[in-house]
């Protein structure tokens, strides 16, 4: 599962897989990183960079699906348009590889990882580190958010599988 | 000059070139069209369609540059994000072909074509037809808008050339 946290300055990504050890399935962090954009570069070049780096990471880690944060409506129209441009090329990178894309609202992601929809960034980082059994807090926060989105998707899939089994 | 008018339902495009006949340079419409998106299709597929069709048209017409409408701030954040996604993949299509991209505000485009920044869609269509010596009004309006953006860029380049020659 490949999580993406889009941003106009930094776009985080993280790869999380489940590892069945016979007992309870464990979550394992495979990779994480951040694509940092230089605001002085032309917009076209920045979008090309996001698309190229995400395409390269998707090729490298060969995930089965992509999870991305859903629209955050409270930003203003100008910021939303700029964020949309980055989101567009990120979605295109996933679509070009034929990967299914799941979208989750920030509230769902935080609820799934911290248990509280209005959790702060530091709480998300702390819980991501704990769930993935990392020795240190994941850095930068954008990569931690991307890991959280991937974890949210895995939790959702596990819940749906349990519900299916119970029926 | 390849003009693009991005939209979440229809994205128009138009190709305009100048033709030097010895007297005053004429504007010639080389092509126009519209990419229509099916709202029932997943977002990823729609973005892939816009990117693929624009890439194909850019390959076909081999323009030297691309002109695109600049941000329209008065839309709400949700619409702006959706428009941004389409804009992102359109800009990526131009960037991937190494084409320079010029951005123009709707006010500049209308001023350049109609002479009035708050002109209506019909007025833009009428003036585009007149400037390009078309027998009929360009259809759909999104293609006419794309042609208007291309004309705006050519007018701007001509003005800059004249100013340079006068100095």
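Residue numbers (my numbering), protein chains in the order written: chain G, 4 to 170; chain P, 4 to 170.
Glycine is no exception: its CB is placed at the ideal position from the N, C-alpha and C atoms.
This structure is a prediction, so every number in the text was calculated from the model and none was measured.
is_contact[residue i, chain P] using C-beta, thresh 8 Å
i                      : result
residue 47 of chain G  : yes
residue 153 of chain G : no
residue 80 of chain G  : yes
residue 74 of chain G  : yes
CA nearest to the CA of residue i, picked from the options
i                      : options                    : result
residue 150 of chain G : G:22, G:11, G:29, G:36     : G:36
residue 1 of chain G   : G:114, G:100, G:127        : Residue numbering for chain G in the displayed model covers 4 to 170; residue 1 of chain G lies beyond these limits and cannot be assessed.
residue 19 of chain P  : P:167, P:156, P:162, P:164 : P:156
residue 65 of chain P  : P:136, P:146, P:119, P:5   : P:5
residue 124 of chain G : G:103, G:98, G:152, G:102  : G:152
residue 111 of chain P : P:21, P:39, P:73           : P:73
residue 45 of chain P  : G:105, G:166, G:117        : G:105
residue 92 of chain P  : P:154, P:53, P:169, P:161  : P:53
residue 33 of chain P  : P:128, P:87, P:96, P:154   : P:154
residue 160 of chain P : P:67, P:8, P:58            : P:67
Exposure of residue i, with buried meaning 16 or more beta-carbon neighbours within 10 Å
i                      : result
residue 29 of chain G  : exposed
residue 49 of chain G  : buried
residue 16 of chain G  : buried
residue 11 of chain P  : buried
residue 113 of chain G : buried
residue 24 of chain P  : exposed
residue 51 of chain P  : buried
residue 90 of chain P  : buried
residue 115 of chain P : buried
residue 147 of chain G : buried
residue 142 of chain P : exposed
residue 42 of chain G  : exposed
residue 62 of chain P  : exposed
residue 14 of chain G  : buried
residue 121 of chain G : exposed
residue 163 of chain G : exposed
residue 83 of chain G  : buried
residue 60 of chain G  : buried
residue 107 of chain P : buried
Interface flag, residue i vs chain G, CB-CB below 8 Å
i                     : result
residue 68 of chain P : no
residue 83 of chain P : yes
Closer than 7 Å: residue i CB and nearest the ligand ZN heavy atom
i                     : result
residue 38 of chain P : Here there are no bound small molecules, and the ligand ZN is not part of this structure.
Handout entry: Members of the stretch 86–99 of chain G that neighbour chain P once the beta carbon cut-off is set at 8 Å
Key = 86, 87, 88, 89, 90, 91, 92, 94, 95, 97, 98, 99
Practice task
Ignoring anything shorter than 3 residues or poking outside the stretch 93–148 of chain P, list the beta strand (DSSP E) runs there in chain order.
Solution key: 104–107
Handout entry: Contact residues within the stretch 104–131 of chain G, judged by C-beta distance below 7 Å to chain P
Key = 104
Practice task
Give, in chain order, every residue of the stretch 24–55 of chain P whose Cβ lies closer than 7 Å to some Cβ of chain G.
Solution key: Within the stretch 24–55 of chain P, the qualifying residues are 46, 47, 48, 50, 51, 54.
Practice task
Taking a Cβ distance cut-off of 7 Å, strictly less, list which residues of the stretch 129–149 of chain P are near chain G, in chain order.
Solution key: none
Handout entry: Sequence ranges, beta strand (DSSP E) only - wholly within the stretch 6–40 of chain P, length at least 3
Key = 13–22, 29–39
Practice task
Only counting runs of 3 or more residues, tell me where the beta strand (DSSP E) segments fall wholly within the stretch 43–73 of chain G, in order along the chain.
Solution key: The stretch 43–73 of chain G contains these whole beta strand (DSSP E) runs: 69–72.
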